[in-house]
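Asks: For reference, the structure I am asking about is given below.
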Amino acid sequence: MNSKARITSIGTYVPDKKMTNADLEKLVDTNNEWIVQRTGMKERSITEPNEFASTLAFKAVENLKEAYNKSLQDVDFIIVSTTTPDYVFPSVACQIQDYFQIPQTGAIDLNATCAGFTYALHVANGLITSGLHKKILVVATETLSKATDYQDRSTCILFGDGAAAVLVEYDEENPSFIAHHVGTNGEGGMHVYRANFSETMFGKELSKSGKMVQNGREVYKWVARTLPVGIEQLLKNAQISLNEVNWFIPHSANLRMIETVCEKTGISLNQTLTSMEYMGNTSSVSIPLALHLGLKEGKVKEGDTLLLYGFGGGLTHCGLIVKWDPK
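Using our numbering, the first residue of the sequence shown is number 10, and each one after it goes up by one.
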């Protein structure tokens, strides 16, 4: 089915408070050189105690409105990707509806962890292309610092907070969405999780800390196996070659992981956009943050073909090929 949806605008926000590698050196046994070598990260943005996923989302949406002079009054659906909502319920999407006083809209939160933004875009494209909706606000917002164990040096060096928003609108003549590829490996759920009511998974006891737990080696191996195959299938679905892609924008998990994917696929690091260096791993927010950085730096141009690929806990992944043409 040919898409009838176009991405028409983008906005982002990260908190003012920063956590540098030097700050982390005071918390755990680590050092700047080790962190940069393993992750490519130098600092990350961290929320204050009174800042939450909704707080960041409001500011990202406001940034979008101001930058593109967009009205939200005719938004008829809101999709929010988050694993760190203010509340179990009500949803962040409902809070956005109230904050911006959007008069007639559906509102849902979606949890696909670090693949959440690409999944949310995929769902928005489907809802618009099917004719069910005309204008969808897609938001990714995460306060991962609130779910990080700052005594675990393997994970606390990674995560940061932030939010991003895009509008997806009906446009039969100039759609953004070219192709998609999705996949899931639920048996790998144990490799990265944050427990809730259940204390076991697959008969194995879980951490009861309420913080994120990750087996970095297993996640790395899964990504190294899965993404090259997924990217190949995505290009095949789009009926284009890698040479026709202007920018690769993967989830900014860590630099080592992305280097491996690039090496296995033949994608140049110079053709790859990330947001991890000064924002850390922001889960589902990392892809739109990297895209917005690319726009601000003059790298991404109107008409460019982008390969977006989200992957994370579940384990699940979603890749999209889209045309960047917001006007």
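Built from N, CA and C at the ideal position, the CB exists for glycine as well.
On a Cα-Cα basis, can you pick out the residue from 289, 276 and 170 that is closest to residue 149?
Replies: The sequence position of residue 149 within the sequence shown is 140, counting from 1. Checked all of 289, 276 and 170; the closest Cα to residue 149 is 170.
Asks: Identify the continuous alpha helix (DSSP H) that holds residue 37 and give its terminal residues.
Replies: Taking the sequence shown and counting its residues from 1, one reaches residue 37 at position 28. It is not in any alpha helix (DSSP H) - residue 37 carries neither H nor E in the DSSP assignment.
Asks: Quick one: residues in its chain with C-beta nearer than 6 Å to the C-beta of residue 295, no 5 flanking neighbours on either side, listed in chain order?
Replies: Residue numbering aside, residue 295 sits at position 286 when the sequence shown is read from its first letter. Closer than 6 Å at the Cβ level, and outside the excluded window around residue 295, lie 260, 261 and 284.
Asks: If I'm right that residue 166 touches residue 258 with Cβ under 8 Å, what's the distance once you round it to whole angstroms?
Replies: Here residue 166 refers to the residue found at position 157 of the sequence shown. Here residue 258 refers to the residue found at position 249 of the sequence shown. Not a contact, Cβ separation roughly 23 Å.
Asks: Per DSSP, what kind of secondary structure is residue 285 in: helix, strand or coil?
Replies: As a position in the sequence shown, residue 285 is number 276, starting the count at 1. Of the three classes helix, strand and coil, the one that applies to residue 285 here is helix, per DSSP.
Asks: Distance, Cα to Cα, residue 133 vs residue 330?
Replies: The sequence position of residue 133 within the sequence shown is 124, counting from 1. The sequence position of residue 330 within the sequence shown is 321, counting from 1. For residue 133 and residue 330, the distance between alpha carbons rounds to 14 Å.
Asks: When the distance is taken between beta carbons, is residue 145 closer than 8 Å to residue 55?
Replies: Locating residue 55 in the sequence shown gives position 46, counting from the first residue. Locating residue 145 in the sequence shown gives position 136, counting from the first residue. Contact flag unset, no.
Asks: Under the three-state reduction of DSSP, which class applies to residue 130: helix, strand or coil?
Replies: Taking the sequence shown and counting its residues from 1, one reaches residue 130 at position 121. Residue 130: helix per DSSP, three-state reduction.
Asks: Going along the chain, which unbroken runs of the beta strand (DSSP E) with 3 or more residues stay wholly within the region 28-94?
Replies: For the region 28-94, whole beta strand (DSSP E) runs of length 3 or above, ordered along the chain, are 52-54 and 86-90.
Asks: In the DSSP assignment, what are the bridge partners of residue 326?
Replies: Locating residue 326 in the sequence shown gives position 317, counting from the first residue. Beta-bridge pairing links residue 326 to 192 and 320.
Asks: Could you check how far apart the C-beta atoms of residue 228 and residue 200 are, in whole angstroms? I think they sit under 8 Å.
Replies: In the sequence shown, the residue the question calls residue 228 occupies position 219. In the sequence shown, the residue the question calls residue 200 occupies position 191. Indeed, because the Cβ distance is near 5 Å, the residues count as touching under 8 Å.
Asks: On the premise that residue 335 lies in contact with residue 18, defined as a C-beta separation below 8 Å, what is that separation, rounded to the nearest angstrom?
Replies: Stepping through the sequence shown from its first residue, residue 18 is reached at position 9. Stepping through the sequence shown from its first residue, residue 335 is reached at position 326. With a Cβ gap of about 6 Å, residue 18 and residue 335 count as contacting.
Asks: Which value, in whole angstroms, describes the spacing of the CA atoms of residue 299 and residue 168?
Replies: Position 290 of the sequence shown, counted from the start, is the residue given in the question as residue 299. Position 159 of the sequence shown, counted from the start, is the residue given in the question as residue 168. Approximately 15 Å between the Cα atoms of the pair.
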